[in-house]
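Below you'll find the structure, written out as structure tokens, and then a few comments.
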Amino acid sequence: MSRPGFGGDLPAVFPDWSPYTDLESAARAYLRDPDVALEALNGVLRGAKVLGFTLERFVNEVNGVWQEVVVCDGSRLVLWHGEDVPPGEGPAGSMTSSLRVVPVSSVTEVGCRRRLFRHDNGEIRVDSIDVYLLLTSLDESPPSEEATGGPRHDALRFGKTLDDGGAGQIARLEEFARLVASVVGRPLL
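Below you can see the structure in the form of structure tokens.
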């Protein structure tokens, strides 16, 4: 099964990165462009210990492949984002590679919502997870007609479902949220 995408057919279901505890192995198993991502991330991490990470990838009918890696080293969140350039906006095969570094001290709130499903036998299963990290910076998006009030704070949002990632990636995202929550508000060493 595949979805049509930028540059040909791409698999609709990506390999599972959740069994890999080290960033390089997970990125190589999951991302289409792991070398681009790892080069950008390692240029900032420069040997810092990776305490946790989460990865995302999906295919979009207009832009092709969208990829993201978020790493926490205890004092920073290092985010890499790669996205195919839409047809007509650059040469065929073009993509963007973006890097963002957010100090953990700028995270003011960590939210984690799990959707649970109770089986007839009473067993509870997590069906999906949504995580947000509220930042002190302001959202740069232009105000919409629906938006009321003043400026909104920027937030980083992540989500996994049984269909999009599976139980392993849901658990890893929850683990990542707990890691970030555990370092928010603590003095940096």
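The opening residue of the sequence shown carries number 10 in this note's numbering; numbering runs sequentially from there. All C-beta atoms in this analysis are idealised placements derived from N, C-alpha and C, irrespective of residue type, glycine included. Note that the coordinates shown come from a computational prediction; the quantities given were computed from them, not determined experimentally.
Cβ-based burial, residue i [other Cβ within 10 Å; buried from 16]
i	result
Gly-174	buried
Pro-126	The sequence given here has Phe at residue 126, not Pro. Counting Cβ neighbours within 10 Å, Phe-126 comes out exposed, since fewer than 16 surround it.
Ala-101	exposed
Glu-98	exposed
Leu-142	buried
Arg-122	exposed
Pro-95	exposed
Asp-93	buried
Ser-27	buried
Val-189	buried
Glu-65	buried
Val-110	exposed
Val-71	exposed
Reference residue i; option with closest CA among the options
i	options	result
Asp-172	Val-119, Val-135 and Thr-63	Val-135
Arg-161	Phe-167, Gly-177 and Leu-144	Leu-144
Gly-120	Phe-62, Ala-186 and Gly-177	Ala-186
Val-79	Gly-177, Ser-137 and Pro-112	Pro-112
Asp-25	Val-189, Asp-93 and Thr-170	Thr-170
Ile-133	Gly-194, Ala-176 and Ala-36	Ala-176
Phe-6	Thr-63, Leu-108, Val-116 and Arg-124	Outside the shown range of the chain, which is 10 to 198, sits residue 6, and nothing can be said about it.
Val-74	Pro-96, Arg-41, Glu-184 and Ser-115	Arg-41
Ser-137	Leu-182, Asp-163 and Pro-95	Leu-182
Asn-69	Ala-57, Val-59 and Gly-91	Gly-91
Ala-38	Ala-57, Gln-76 and Arg-195	Gln-76
Gly-61	Asp-82, Val-116 and Val-193	Asp-82
Val-53	Ala-164, Thr-30 and Ser-84	Ser-84
Ser-115	Trp-89, Ser-106, Leu-50 and Ser-146	Ser-146
Ser-191	Glu-118, Tyr-29 and Ile-179	Glu-118
Asp-139	Gly-56, Ile-179, Gly-131 and Val-193	Ile-179
Ala-46	Met-104, Ala-57 and Lys-58	Met-104
Three-state class that DSSP yields for residue i in the structure shown
i	result
Gly-177	helix
Ser-106	strand
Leu-125	strand
Pro-137	With the sequence shown as reference, residue 137 is identified as Ser, and Pro is not the correct amino acid for it. Strand.
Glu-77	strand
Ser-146	strand
Leu-60	coil
Arg-187	helix
Val-87	strand
Val-193	coil
Val-113	helix
Where the alpha helix (DSSP H) containing residue i begins and where it ends
i	result
Val-94	Here Val-94 belongs to no alpha helix (DSSP H), and DSSP marks it neither H nor E.
Pro-43	43-54
Segment limits, beta strand (DSSP E) that includes residue i
i	result
Leu-165	162-170
Glu-33	Premise fails: Glu-33 lies in the alpha helix (DSSP H), 32-39, not in any beta strand (DSSP E).
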